[in-house]
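In the working numbering, the protein residues as written are 100 to 593.
C-beta atoms are modelled at their ideal positions from N, C-alpha and C, and glycine is treated no differently.
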Amino acid sequence: QNFAPSEQAQRFLSRDEHHLLIDGERVPAASGRTLSTTNPSTGEVLARLAAGDQADVDRAVLAARRAFHGQWGCWTPYERQALLTRIGQVLDERFEELIEIEALDMGAPVSRLRNTKPALLKMVSFFAAQAAGIAGETLMNGIPGEVTTMTLKAPVGVVGGIIPWNGPLNGQFWIIGAVLASGCTAVLKPSEEASLSVLRVAEILHEAGVPAGVINVVTGLGKEAGHALAAHPDVDRIAFTGSTQTGRIIIEASTSNIKKLQLELGGKSADIVCADADLDKAVPGAAMGVFANSGQICFAGTRVLVQRPVVEEFTERLLAFMDTLRVGHSLDDAATLGPVVSQPQLDKVLSYIDVGRDDGAELLCGGRRLEGELGNGYFVQPSVFTGVTNEMRIAREEIFGPVLSILPFDDVDEAIAIANDSEYGLGGAVWSQNLSTALRVVHGVHTGTMWVNCYGYIDPLVGFGGTKMSGYGSKGSAAHMDTYLYTKSVYIEL
Ligand code: NAD
């Protein structure tokens, strides 16, 4: 079957080359070099991107610095709030075009992306509210009538935003929202695997009234454009979402001018199903906690810990649920799962499936690349392993693909110990109808987020972040804005 995007998305996609966006202008890379990106549903080349490097990052940072010190710095909080509100409206109107571009670029099915619209609009309104709520304090610590002390919050300046491929359309708004709310400016470096929704959004932001230079986009390789941004002496902050491995490199690169970092890194979350769980909810909940976005979610609950008395029933029901999943082309409305993003990612997932088998785990379903009509795309069958122990590599390393491991446990303390026996600390869940059991697990597991009888909610008001090697800093909550603001103490003698 042939799947084609709408005319509007096609008009954007059919450009010969997708340029950088610097100072409000679409420009090729200074070197003239390009790189190609593929449609993971077909393996065909989808677009050519400008391959930006140090020279382009220099240009973009200069534009961002100029904009920071220009007219943009005089916008009132209410004007920035109104801009964000307008952006929310435009995103609402243009969402179908944007999700088609995203689906073709990184492979998530449109059916899934469509469901993320409320979360995106909520995030934008969260940041609109933040814009008009930036406040310092007045302190009563001096001699009354002689000294008054206060703190002011000021935008830090130029922010470098380095974005992964697993959900750039929505993910970029954690940076864009905070940049516009705080009065900072930004240079965004999307992943070379999925840059198109970031480029398209940047154009739409300019149409919606974002001044030139405030949001710039430099596409290119991580080790070139990404490194140049992380190491740049005139970038004040880096907001990075990506792998722990790259996070380490970015920490080193950022030391040149002591940049403060927000790091949202990898995970290996544990999803704990207790014997008293409502399996009608726990089975689809735990399954989609892994298989949503074909397992390419940082907080995927890939280690499903099941209490022994219900292991058999849980497994049977899980396998029945697997039959309801439909893997297909990202533009196929009926598809619930798409491909993984690229050939290297497909190879990585398949090699982990071999590792699981070699280490003695039992593969219950899946395990192979799809053949036939979808055979040229990067499709891997959703896969379930049982007989997994927490020492196995498939239980310790981030696979970032549709692979679920079942690990049995006897009592809740053992489950907590297994969950904590990981270098990561990002997400996790507990399924139990007993609130005391659930809360014991919530308190016991060391992660940034725990879900109880559900999986995957993220509310910008509450925030989302990691502990251990999953990073630091929070997406959402008042703490998020701290990456984009600094505090100035002011003493006034009267
Ligand atoms: P990645 O680390 O390979 O790349 C992320 C970004 O960093 C890309 O834009 C890439 O070009 C850039 N990059 C690569 N090398 C660089 C370098 N040397 N210097 C500067 N930039 C460089 O990650 P990915 O494969 O795109 O995304 C998957 C990873 O992201 C997973 O580990 C996942 O858990 C993580 N992730 C975390 C969160 C979170 O909120 N914690 C959210 C989404 C994804």
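With a CB to CB cut of under 6 Å and the five nearest residues on each side skipped, what residues in its chain are close to residue i?
{"i": "Asp335", "result": "Val255, Gly256, Val257"}
{"i": "Pro127", "result": "His118, Ala149"}
{"i": "Ala108", "result": "Glu196, Glu199, Ile200"}
{"i": "Ile591", "result": "Thr247"}
{"i": "Gly455", "result": "Phe484, Ile493"}
{"i": "Thr343", "result": "Leu364, Gly365, Met568"}
{"i": "Arg347", "result": "none"}
Check the C-beta distance from residue i over to residue j and give it rounded, since I have them as a contact under 8 Å.
{"i": "Val529", "j": "Thr401", "result": "In fact, because the Cβ distance is near 16 Å, the residues do not count as touching under 8 Å."}
{"i": "Asn392", "j": "Ala207", "result": "6 Å"}
{"i": "Phe420", "j": "Val382", "result": "5 Å"}
{"i": "Ser96", "j": "Pro263", "result": "Any question about residue 96 goes unanswered here, given that the chain covers just 100 to 593."}
{"i": "Val439", "j": "Pro139", "result": "7 Å"}
{"i": "Thr215", "j": "Asn269", "result": "6 Å"}
{"i": "Ile505", "j": "Val389", "result": "Ile505 to Val389, Cβ: 11 Å. No contact."}
For residue i, which three-state DSSP category applies?
{"i": "Glu201", "result": "helix"}
{"i": "Ala330", "result": "helix"}
{"i": "Asn519", "result": "helix"}
{"i": "Ser355", "result": "helix"}
{"i": "Leu360", "result": "strand"}
{"i": "Trp530", "result": "strand"}
{"i": "Gly187", "result": "helix"}
{"i": "Asp510", "result": "coil"}
{"i": "Glu245", "result": "coil"}
{"i": "Tyr583", "result": "coil"}
{"i": "Tyr556", "result": "coil"}
{"i": "Ala376", "result": "coil"}
{"i": "Ser573", "result": "strand"}
{"i": "Ser504", "result": "strand"}
{"i": "Cys464", "result": "strand"}
{"i": "Val487", "result": "coil"}
{"i": "Ala230", "result": "helix"}
{"i": "Lys252", "result": "strand"}
{"i": "Lys567", "result": "strand"}
{"i": "Tyr477", "result": "coil"}
{"i": "Ile348", "result": "helix"}
{"i": "Trp550", "result": "strand"}
{"i": "Gly455", "result": "helix"}
{"i": "Arg132", "result": "coil"}
Kindly list the residues whose CB is nearer than 7 Å to the CB of residue i, restricted to its own chain and excluding five residues on each side of it in sequence; keep chain order.
{"i": "Arg468", "result": "Leu445, Leu449, Phe478, Val479"}
{"i": "Arg213", "result": "Ile198"}
{"i": "Gln442", "result": "Tyr477"}
{"i": "Pro176", "result": "Ala230, Ala231, Ile233"}
{"i": "His358", "result": "With the sequence shown as reference, residue 358 is identified as Lys, and His is not the correct amino acid for it. So the list reads Val334, Asp335, Arg336, Ile337, once near-sequence residues are dropped."}
{"i": "Gly241", "result": "Thr247, Thr248"}
{"i": "Phe272", "result": "Leu219, Met222, Val223"}
Who are the Cβ neighbours of residue i in its own chain at under 8 Å, not counting the five residues just before and after it?
{"i": "Asp520", "result": "Asn489"}
{"i": "Ala280", "result": "Arg179, Gln180, Leu183, Phe226, Ala227, Gln229, Ala230, Ile233, Met580, Tyr583"}
{"i": "Ser105", "result": "Glu195, Glu196, Glu199"}
{"i": "Gly187", "result": "Leu220, Val223, Ser224, Ala227"}
Is the beta carbon of residue j closer than 7 Å to that of residue i?
{"i": "Thr485", "j": "Glu461", "result": "yes"}
{"i": "Gly260", "j": "Leu287", "result": "yes"}
{"i": "Ser569", "j": "Gly562", "result": "no"}
{"i": "Thr546", "j": "Gly564", "result": "no"}
{"i": "Ala524", "j": "Lys567", "result": "In the sequence as displayed, the identity of residue 524 is Gly instead of Ala. Taking 7 Å as the Cβ cut-off, Gly524 and Lys567 qualify as a contacting pair."}
{"i": "Thr435", "j": "Leu424", "result": "yes"}
{"i": "Ala154", "j": "Ala129", "result": "yes"}
{"i": "Ala330", "j": "Ala301", "result": "no"}
{"i": "Ile303", "j": "Val209", "result": "no"}
{"i": "Ile452", "j": "Gly437", "result": "no"}
{"i": "Gly646", "j": "Thr345", "result": "The structure shown does not extend to residue 646, since the chain is modelled only from 100 to 593, so the question has no answer here."}
{"i": "Phe398", "j": "Ser368", "result": "yes"}
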